[in-house]
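Undergrad:
Protein chains in written order, with the working numbering: chain A, 141 to 484; chain B, 141 to 484; chain C, 141 to 484.
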């Protein structure tokens with residue numbers, strides 16, 4: 141099932157200037173090191189410049205500045221990484237999903253399903269659900285009552301939407317995602333925790349991607365909101381009433397506690413944790429595993445943690461960390477003593 | 141599908157004293173800022189006291205001390221947050237689940253399913269399973285052989301119980317939860333890791349809630365135990381042979397390693413990690429992302445981590461952390477030298 | 141459904157020397173403390189030596205050095221923990237899965253399914269899939285087009301394999317696992333994030349175990365690779381193009397970012413995070429919750445973090461951590477001043 145293009149077609153597809161034979165056929169994309177004679181490759185990171193000299197690729201997506209170093213055909217563009225990103229979609233062999241409703245699906249008679257939508261095997265669609273044109277629902281998904289799914293949105297296998305969830309257009313929701321489970325809300329009472337029913341839903345914008353096994357809880361009173369163009373990786377937890385601003389990206393295993401608002405174009409790196417009821421400004425970048433316990437009102441890069449060390453060295457430093465306040469007191473005492481002597 | 145109550149009915153439902161017209165109709169619950177004239181609101185956190193003056197709510201659940209500041213009808217109670225919690229259930233529009241076994245479910249003939257239980261589409265119920273009265277099993281759940289589910293317990297869509305799992309009464313298990321997968325147990329051998337079959341099960345008490353995509357492993361020999369009234373958030377990992385005491389709460393992304401025992405009324409905040417074979421006393425509160433590597437024998441609040449900083453500032457401090465033991469040595473040398481001079 | 145062996149059979153099964161009556165019947169395995177007169181127990185950790193004296197077990201798997209202290213029958217072996225591990229499989233009562241394809245499964249006509257494979261209720265198997273002899277696919281699993289599953293591999297309930305995933309022989313994949321979702325790859329563009337289609341798959345070796353709700357993403361161009369004998373716990377996230385070396389083990393909630401290569405026989409403890417594009421040498425042990433931000437080229441144990449403290453003590457030390465660079469500067473100033481005085 142090889143996909144074949146000519147270099148001429150590739151150049152046209154990504155608006156690159158071809159230095160080479162437009163009739164050359166190519167069947168794949170690869171890294172500079174792994175590419176063979178029928179592959180297109182790309183130089184997007186100068187770290188890999190050394191691999192350019194020896195690449196066996198048919199052609200390389202490359203900036204004008206490096207064309208002279210390219211030993212094979214060049215596809216010249218100012219943005220080779222973006223061109224590569226666009227080209228990947230030409231080579232994707234994602235299985236087609238059959239249009240229509242699979243006979244093993246259970247669809248409530250009151251649901252509205254567009255004629256060209258694809259509803260996979262074993263899918264369950266509740267009362268009053270609305271599924272727009274071009275939507276794909278993978279096998280085993282469960283769509284709760286009164287949920288709404290926008291045009292061209294795709295759900296991979298085994299996704300759960302609880303009731304009254306609204307997804308925008310062109311979302312891509314990966315397998316195992318759960319949207320709209322109850323937020324974690326309980327009031328203390330003499331008899332233990334009194335559950336607070338979660339009455340809000342979840343609303344996503346357009347062009348949102350949500351990674352495998354990620355969870356986004358429904359709001360307590362108002363909905364949890366995911367902005368346009370937001371990209372969320374696997375196993376991320378977004379608690380009730382969070383708001384994620386347009387075009388922000390959240391990497392794997394990050395967790396955002398309840399009612400926190402994240403601005404636009406932020407990046408939250410892997411396994412970072414953001415406490416509840418905070419505000420994160422636009423264009424904030426939080427580094428991996430960082431612990432965010434206060435609002436970040438200025439754009440910039442923020443970090444926490446102590447870095448990795450060999451165990452014995454780490455152990456000695458941790459002991460000192462536990463004495464750090466005392467150590468600071470000892471330094472202050474030395475300073476006071478030195479000053480006294482100078483004066484005395 | 142609006143739900144309408146009068147303020148008189150609301151006051152009676154939560155045992156509040158109404159200062160206002162008992163005939164006033166209300167159709168929703170909202171925050172002080174978002175409430176309109178047909179909503180009930182509440183003042184539970186003094187932080188929001190400023191919003192009281194301008195609220196457009198029909199009535200506010202409020203402590204006696206603040207009644208004078210309330211510009212609208214007052215529902216006076218000593219515990220407004222708890223009253224709000226109770227009221228949420230009156231306004232919940234959770235879809236009803238049909239009683240009986242859905243025709244697409246697969247139920248082993250040896251399973252005992254109460255007549256008024258609800259078994260959703262695509263559910264699979266194994267041999268010897270016992271499902272009590274009032275239980276709801278959402279679409280796509282899989283219940284392993286010889287598992288037992290207590291009265292009124294609800295499983296949302298796509299929950300897995302492995303074999304020989306016992307759930308108490310009135311549990312609420314959210315979508316994607318997996319209970320009873322093998323604990324992570326292997327013995328080193330010359331041929332690599334030798335798997336240890338996990339022979340224990342999992343037992344939960346009554347009134348337990350477990351959040352979306354959380355995992356609770358079966359015990360190695362004896363069961364993993366979750367106490368009465370325990371509340372667990374999303375994406376929590378509880379390893380084999382843990383015991384969680386009554387009325388403890390564990391927030392999202394926390395992880396508890398094998399054989400650790402957590403006391404009663406503890407709260408474990410988000411993304412905290414607790415190492416294996418530890419004992420955590422009753423009434424311990426572990427803060428978010430804390431790393432617990434030793435038993436905590438006294439009640440109280442415990443924390444770890446270094447807090448968030450702008451990257452450059454963090455970087456400088458981390459370098460110093462890595463030299464902390466040496467720094468402490470330098471301070472000790474200065475102290476010794478100063479003492480010597482004093483004596484000399 | 142008790143499983144009964146004689147001590148003679150047990151001794152033969154694990155190659156132990158029996159000091160006791162070979163005809164004694166046993167029906168279970170238990171810890172020294174919990175064992176009754178029909179249970180076998182084991183002493184693998186000297187911590188439990190005190191419990192040996194009072195055990196009520198029928199017999200104890202034990203090293204030669206401790207035989208004299210054993211108050212009951214002894215099953216003498218140099219490796220009691222390994223013997224216990226092997227014995228657990230004799231006492232496991234895992235439900236048998238029916239051979240053949242369940243009538244509620246949906247199997248594409250082009251898929252090849254071995255005659256003795258077990259395909260559970262509601263399973264969906266795509267086009268061109270190949271399922272080898274002895275494979276078990278639990279209820280609700282979804283196997284994407286052109287995926288390949290090796291001999292004797294078992295998938296628990298509700299596992300997703302995307303398209304073009306290859307699993308080796310004797311894998312055990314727990315419930316909720318998602319293998320082959322898109323890696324988190326986007327190129328910045330003036331219009332927001334441009335998705336990079338993920339064209340690689342995932343390949344696992346033989347004897348791999350993957351815990352509940354773990355996610356392993358497909359590669360961008362080449363596959364993500366999991367080596368032979370690798371054991372992965374619950375809720376682990378392995379990003380695109382990672383490579384995990386043979387016989388490495390990764391505990392719950394750990395996350396490995398994209399393109400990182402982990403060597404052989406490594407252990408990554410719970411909730412550790414490893415940044416992207418790093419290399420971890422063979423026989424590296426990363427401790428729990430450690431933050432790995434650089435390659436680790438030497439075998440050994442590595443840690444990070446600050447350890448748990450009572451809140452007030454922690455708070456004071458964190459304030460000092462934030463001033464650590466300044467504190468170091470103050471110490472240097474004191475040293476300079478002291479040296480000046482000495483010289484002066």
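C-beta: ideal position from N, C-alpha, C; glycine also.
Using a Cβ cut-off of 7 angstroms, pull out every chain B residue sitting near residue 462 of chain C, in sequence order please.
TA: By Cβ distance, chain B contributes 447, 449 and 457.
Undergrad: Name, please, each residue of chain C whose Cβ falls closer than 9 angstroms to the Cβ of residue 362 of chain B.
TA: The contacting residues are 170, 171 and 174.
Undergrad: Listed from N- to C-terminal order along the chain, which residues in the stretch 433-444 of chain C have their beta-carbon within a distance smaller than 9 angstroms of any beta-carbon of chain A?
TA: Under the 9 angstroms Cβ criterion, the stretch 433-444 of chain C contributes 433, 434, 436, 438, 440, 441, 442, 443 and 444.
Undergrad: What separation, rounded to the nearest whole angstrom, lies between the Cα atoms of residue 245 of chain B and residue 251 of chain C?
TA: So the alpha carbons of these two residues sit roughly 25 angstroms apart.
Undergrad: State the DSSP-derived secondary structure class of residue 238 of chain A, mapped to helix, strand or coil.
TA: Reduced to three states, the DSSP call for residue 238 of chain A is coil.
Undergrad: Quick check: what's the CA-CA separation for residue 392 of chain A versus residue 412 of chain A?
TA: Looking at the two C-alpha atoms, the distance is approximately 9 angstroms.
Undergrad: So what's residue 366 of chain C in DSSP terms, helix, strand or just coil?
TA: Strand at residue 366 of chain C.
Undergrad: Which two residues bound the contiguous alpha helix (DSSP H) that contains residue 150 of chain A?
TA: Where residue 150 of chain A is concerned, the enclosing alpha helix (DSSP H) stretches over 147-154.
Undergrad: Check the Cβ-Cβ distances between residue 393 of chain A and every residue of chain C, and say whether any is below 8 angstroms.
TA: Closer than 8 angstroms to some Cβ of chain C, the Cβ of residue 393 of chain A qualifies, so yes.
Undergrad: Going by C-alpha distance, which of B:303, B:235 and B:237 is nearest residue 268 of chain B?
TA: The option with the nearest alpha carbon to residue 268 of chain B is B:303.
Undergrad: Pick helix, strand or coil for residue 212 of chain B, following the three-state DSSP scheme.
TA: Residue 212 of chain B: coil per DSSP, three-state reduction.
Undergrad: Distance check for residue 406 of chain B and residue 387 of chain B, CA to CA, integer angstroms please.
TA: Between residue 387 of chain B and residue 406 of chain B, the C-alpha separation is close to 7 angstroms.
Undergrad: With the cut-off set at 8 angstroms, would you say residue 191 of chain B and residue 215 of chain B are in Cβ contact?
TA: For residue 191 of chain B and residue 215 of chain B, no; Cβs fall outside 8 angstroms.
Undergrad: Can you give me the C-alpha to C-alpha distance between residue 235 of chain A and residue 317 of chain C, rounded to a whole angstrom?
TA: In a straight line, the C-alpha of residue 235 of chain A is about 20 angstroms away from that of residue 317 of chain C.
Undergrad: Extract the residue ranges of the beta strand (DSSP E) inside the stretch 160-211 of chain B, only unbroken runs of 3 or more that lie entirely within it.
TA: Runs of the beta strand (DSSP E) inside the stretch 160-211 of chain B: 179-182 and 199-202.
Undergrad: Please return the same chain residues whose Cβ sits closer than 6 angstroms to the Cβ of residue 367 of chain C, not counting the five positions on each side in sequence.
TA: Contacts found: 345, 384, 385 and 386.
Undergrad: Going along the chain, which unbroken runs of the beta strand (DSSP E) with 3 or more residues stay wholly within the stretch 348-421 of chain C?
TA: Counting only runs of 3 or more, we get 364-366.
Undergrad: Per DSSP, residue 335 of chain B is paired with what?
TA: Answer by DSSP bridge pairing, in chain order: B:326.
Undergrad: According to DSSP, what are the bridge partners of residue 440 of chain A?
TA: Beta-bridge pairing links residue 440 of chain A to A:424.
Undergrad: Can you tell me where the beta strand (DSSP E) holding residue 505 of chain A begins and where it ends?
TA: With chain A covering 141 to 484 only, the question about residue 505 of chain A has no answer from this structure.
Undergrad: Should residue 417 of chain A be labelled buried (16 or more other beta-carbon atoms within 10 Å of its own) or exposed?
TA: Classification of residue 417 of chain A: exposed, given that the 10 Å Cβ count is below 16.
Undergrad: Go ahead and pull the three-state DSSP assignment for residue 475 of chain B.
TA: In this structure, residue 475 of chain B counts as helix in the three-state DSSP scheme.
Undergrad: Hey, residue 339 of chain B and residue 149 of chain C: beta-carbon distance below 8 angstroms or not?
TA: The answer is no: Cβ separation not under 8 angstroms.
Undergrad: Under a Cβ-count criterion, where at least 16 other Cβ atoms within 10 Å of its own Cβ denotes burial, should residue 157 of chain B be classed as buried or exposed?
TA: Exposed, since its Cβ has fewer than 16 Cβ neighbours within 10 Å.
Undergrad: Strictly below 7 angstroms CB to CB, what residues from chain B border residue 232 of chain C?
TA: Simply 337 and 339.
Undergrad: Looking only at its own chain, which residues have a Cβ that is under 7 angstroms from the Cβ of residue 210 of chain A, when we skip the five neighbours before and after it?
TA: For residue 210 of chain A, where only same-chain residues beyond five positions count, the Cβ hits under 7 angstroms are 192, 200 and 202.
Undergrad: Under 8 angstroms between beta-carbons, which chain B residues line up against residue 303 of chain A? List them in chain order, please.
TA: Residues of chain B passing the Cβ test: 233, 234 and 235.
Undergrad: Which partner residues of residue 431 of chain B appear in the DSSP bridge assignment?
TA: Answer is B:413.
Undergrad: Using a Cβ-Cβ cut-off of less than 7 angstroms, list which residues of the stretch 279-307 of chain A approach chain B; keep chain order.
TA: Of all residues in the stretch 279-307 of chain A, 280, 282, 284, 285, 298, 300 and 303 have a Cβ within less than 7 angstroms of some Cβ in chain B.
Undergrad: In whole angstroms, what separates the C-alpha of residue 275 of chain B from that of residue 438 of chain B?
TA: Spanning the two alpha carbons is a distance of roughly 39 angstroms.
Undergrad: Are the CB atoms of residue 278 of chain A and residue 266 of chain A within a distance shorter than 8 angstroms?
TA: Result no, Cβ atoms of residue 266 of chain A and residue 278 of chain A do not sit closer than 8 angstroms.
Undergrad: Can you list the residues of chain A that residue 87 of chain B reaches, using a CB-CB cut of under 8 angstroms?
TA: Outside the shown range of chain B (141 to 484) lies residue 87 of chain B, about which nothing can therefore be said.
Undergrad: Leaving out the 5 sequence neighbours to the left and right, which residues in its chain are closer than 8 angstroms to residue 195 of chain B when beta-carbon positions are compared?
TA: The residues are 172, 173, 175, 181, 211 and 212.
Undergrad: Pull out every residue of the stretch 364-381 of chain C whose Cβ sits closer than 7 angstroms to any Cβ of chain B, in chain order.
TA: Those would be 369, 371, 373, 374 and 375, in chain order.
Undergrad: On the criterion of 16 or more Cβ atoms from any shown chain inside 10 Å, does residue 459 of chain A qualify as buried, or is it exposed?
TA: Looking at its Cβ environment, which holds fewer than 16 other Cβ atoms inside 10 Å, residue 459 of chain A is exposed.
Undergrad: Distance check for residue 220 of chain A and residue 186 of chain A, CA to CA, integer angstroms please.
TA: Roughly 12 angstroms between the two C-alpha positions.
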